[in-house]
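Inspection log for the structure reproduced underneath, given as structure tokens.
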Amino acid sequence: MKYLVFIVAIVLFGCKHAPKKIAAVKNAAPVLEERFRLKALTSKRGEKDSIRLETEREEKLDSLRQIKLLDTAMKFAIKHQHDNFYTKNLTINDGLGASATLKFGFLFSKEKRHLILKTKSAWDLHLRVLYLDRNKFKEVIHTVIWDLNYVADTVRDVNGDGYKDFISTTYYSAGCCARNRDEVRLYLPGDGNFSGSYTFINPSYSPNEKFIRGVDYGHPGEVPLYKYKWNGLKIDTVEYIYPADTLKKNFYIVKRYGDENDPTKRRVINSIPKEYRKMYGYNWFIDY
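Residues in the sequence shown are numbered from 1 upward in steps of one, following UniProt numbering.
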């Protein structure tokens, strides 16, 4: 009898605790899922960290290439500082085509000599202008451009003062519309330096008139033509011309952005003035 009671007790005890074991197994599933999720997240973070570290390493290597290029180029420039004019291409043996281009002489005026130095590495293009002042080179312009965005640099008179100015042109790899971007620096003959940077989108220069004409960034049918005028080192806004309809029959002339929406501040014309029709970007503007 005691033996039977003992067996019954064991059975009852097992039945009483079995649900808890099943619940424990069920509760383990979310825990395992969370562990797998955390493991995957940790793996992704590790990959991102690895990419970040590799990017930082490449940036440091690129900076070292730029330093080496600059050192090589300046040694050549100092050695040839008494020349009246030269152009020179230099490379370093890094297997990635890093190079330097030098152009030296009376580039902006007949009185002072300047050096235009471009150093191109795997990532960036460093664009410098240096003024030779009493046998020493003085850096007066330095800009860094992502190599894929670089288009050209130009030396020409843009404001009609008789001195050549410096223009660097870029074209962004991402964007919807015509997007030539000029950074203009006016030459200051007194000290061989340059003004601050003026930025123009899709410009055309008319130095004899002192005008800058262009088409702003945006979609045809929405974006305006613009006309600015040099006033010393300042720029005056002359006008903006906006499309007034989708039929190319009417246009609004205004003085400021936003005034095309104000009937009291806009003037209606039925054709674009001829002065705009041959400029860069006009075909983009009128293509709607």
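Every residue gets a Cβ at the ideal spot worked out from N, C-alpha and C, and that includes glycine.
It should be emphasised that the depicted structure is a prediction, and the values quoted were computed from it without experimental measurement.
Give the C-beta separation of residue i and residue j to the nearest angstrom, bearing in mind that I take them to be a contact with Cβ-Cβ under 8 Å.
i: residue 76; j: residue 88; result: 6 Å
i: residue 295; j: residue 171; result: Since the first residue shown for the chain is 1 and the last is 288, residue 295 is missing from the structure and cannot be characterised.
i: residue 240; j: residue 224; result: 4 Å
i: residue 221; j: residue 288; result: 3 Å
i: residue 65; j: residue 121; result: 4 Å
What is the rounded straight-line gap between the Cα of residue i and the Cα of residue j?
i: residue 116; j: residue 147; result: 17 Å
i: residue 279; j: residue 169; result: 17 Å
i: residue 71; j: residue 214; result: 40 Å
i: residue 266; j: residue 237; result: 15 Å
i: residue 174; j: residue 196; result: 26 Å
i: residue 100; j: residue 90; result: 5 Å
i: residue 277; j: residue 286; result: 10 Å
i: residue 134; j: residue 202; result: 39 Å
i: residue 272; j: residue 181; result: 24 Å
i: residue 184; j: residue 98; result: 26 Å
i: residue 316; j: residue 193; result: With the chain covering 1 to 288 only, the question about residue 316 has no answer from this structure.
i: residue 261; j: residue 227; result: 19 Å
i: residue 233; j: residue 275; result: 24 Å
i: residue 257; j: residue 51; result: 44 Å
i: residue 284; j: residue 242; result: 13 Å
i: residue 143; j: residue 246; result: 41 Å
i: residue 84; j: residue 111; result: 11 Å
i: residue 82; j: residue 48; result: 52 Å
i: residue 22; j: residue 53; result: Residue confidence for residue 22 is low, a pLDDT of 40 falling below 50, so the modelled location carries little weight and cannot support an answer.
i: residue 104; j: residue 145; result: 21 Å
i: residue 153; j: residue 231; result: 24 Å
i: residue 327; j: residue 254; result: The chain is shown only over 1 to 288; residue 327 falls outside these bounds and no answer can be derived.
i: residue 191; j: residue 80; result: 22 Å
Going by CA-CA distance only, name the one from the options that's closest to residue i.
i: residue 218; options: 178, 186 and 256; result: 178
i: residue 163; options: 284, 135 and 208; result: 208
i: residue 127; options: 109, 102, 135 and 230; result: 102
i: residue 86; options: 113, 96, 92 and 97; result: 113
i: residue 187; options: 129, 144, 241 and 149; result: 129
i: residue 205; options: 167, 220 and 233; result: 167
i: residue 198; options: 191, 189, 165 and 190; result: 165
i: residue 93; options: 68, 248, 154 and 110; result: 68
i: residue 109; options: 254, 189 and 259; result: 189
i: residue 61; options: 78, 96, 155 and 79; result: 96
With a threshold of 7 Å on Cβ separation, who are the neighbours of residue i within its own chain once the five nearest residues in sequence on each side are excluded?
i: residue 244; result: 250, 251, 252 and 268
i: residue 73; result: 90, 100, 102, 117 and 119
i: residue 216; result: 201, 223, 224 and 226
i: residue 259; result: 265 and 266
i: residue 78; result: none
Near residue i, which residues of its chain fall below 6 Å by C-beta distance, leaving aside the five closest residues on each side in sequence?
i: residue 229; result: 210, 211, 236 and 238
i: residue 176; result: none
Excluding sequence positions up to five away, which residues of its chain have a Cβ less than 8 Å from the Cβ of residue i?
i: residue 59; result: 123
i: residue 248; result: 286 and 288
i: residue 63; result: none
i: residue 125; result: 118, 119, 144, 145, 146, 147 and 150
i: residue 155; result: 107, 108, 116, 164, 165, 166 and 167
Are the segment 156-165 and the segment 138-145 touching, with three or more C-beta to C-beta distances below 8 Å?
no
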